[in-house]
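Engineer:
Residue numbers (the working numbering): 1121 to 1362.
1. Per DSSP, residue 1177 is paired with what?
2. Which one or two residues does DSSP pair with residue 1217 in a beta bridge?
3. Which of helix, strand or coil does DSSP assign to residue 1279?
4. Report buried or exposed for residue 1237, applying the criterion of at least 16 other Cβ atoms within 10 angstroms of its Cβ.
5. Quick check on DSSP: helix, strand or coil for residue 1247?
6. Which partner residues does residue 1253 have in the DSSP bridge list?
7. Three or more C-beta pairs under 8 Å: does that hold for the stretch 1189-1199 against the stretch 1282-1293?
8. Which residue's Cα is closest to the Cα of residue 1179: 1165, 1218, 1130 and 1170?
9. Within a Cβ cutoff of 7 Å, which residues of the same chain sit near residue 1130, ignoring the five residues on either side of it in sequence?
10. In three-state terms, what does DSSP make of residue 1225?
11. Please say whether residue 1235 and residue 1167 have beta carbons closer to each other than 8 Å?
12. Helix, strand or coil for residue 1199? Go by DSSP, reduced to three states.
13. Would you kindly report the start and end of the unbroken beta strand (DSSP E) that includes residue 1153?
14. According to the neighbour-count rule (16 or more other Cβ atoms, all chains shown, within 10 Å of its Cβ), is residue 1264 buried or exposed?
15. Do the CB positions of residue 1239 and residue 1247 come within less than 8 Å of each other?
16. Rounded to whole angstroms, what is the Cα-Cα separation between residue 1152 and residue 1276?
17. Leaving out five residues on either side along the sequence, give the residues of the same chain with a beta carbon under 7 Å from the beta carbon of residue 1203.
18. Please list, in chain order, all residues of the same chain as residue 1160 whose beta carbon is under 7 Å from its beta carbon, the five residues on each side excluded.
19. Confirm, please, whether the CB-CB distance from residue 1255 to residue 1173 is below 8 Å.
20. Can you name, in chain order, every residue of its own chain whose Cβ lies under 8 Å from the Cβ of residue 1162, other than the five neighbours on each side?
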């Protein structure tokens, strides 16, 4: 069943356009609007300039579903709701303020300001038109303005919290990337230095010293053996002389 469960509040700013030929300048201030699910089956829209009061409309699921034929958006309920939200978040939102008269058995006529919130996802696309009524009860209007301010502040805090989390995440990622790049540069330097250390040319003195160290020492003959050898050689020579 269609509902507004999980509906994220929508905030926006709009400059009113008065339909009367001689509008009240005080009604042309910038306004903020707040669209939220007041419960699972009702969507509430408040518009206010925080000075002259607030406008309101409450749409049920069935009322908003009936708007699909008027707007001309086919598809499922969720697709129509997504289009409505996208229209309210776009730059193509207008607020037209007018006046109407109602009659009752209590009074002959009572002046009640009305307004229309018109939005479309892009120029040339279907328009979503919502009629709003001026909130005549001051306490209800004040509560609507207070609720808008509080919810806007909460949305701002959530956005800032997400931005801070992303900032720290990017900072940590940058630190990891910097450490990885530094390690790669260090490893590259070692790879470049290693061949030059193995193939470096030594000076002639160092080469001679290294070659001298590699020559095997000759076998030395004991002194007494050398003496006897000389004696034998001398005797052999004397016998040959005699």
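Positions of the beta carbon are idealized from the N, C-alpha and C atoms, including for glycine. Quick caveat: nothing in here was measured; it's all calculated off a predicted structure.
Structural biologist: In this structure, then:
1. 1165
2. 1138 and 1235
3. helix
4. buried
5. strand
6. 1176 and 1234
7. no
8. 1165
9. 1155, 1205, 1208 and 1209
10. Note that residue 1225 scores a pLDDT of 30, beneath 50, so its modelled location is shaky and nothing firm can be said.
11. yes
12. helix
13. 1151-1159
14. buried
15. yes
16. 15 Å
17. 1193 and 1241
18. 1123, 1124 and 1125
19. yes
20. 1124, 1178, 1179, 1180 and 1181
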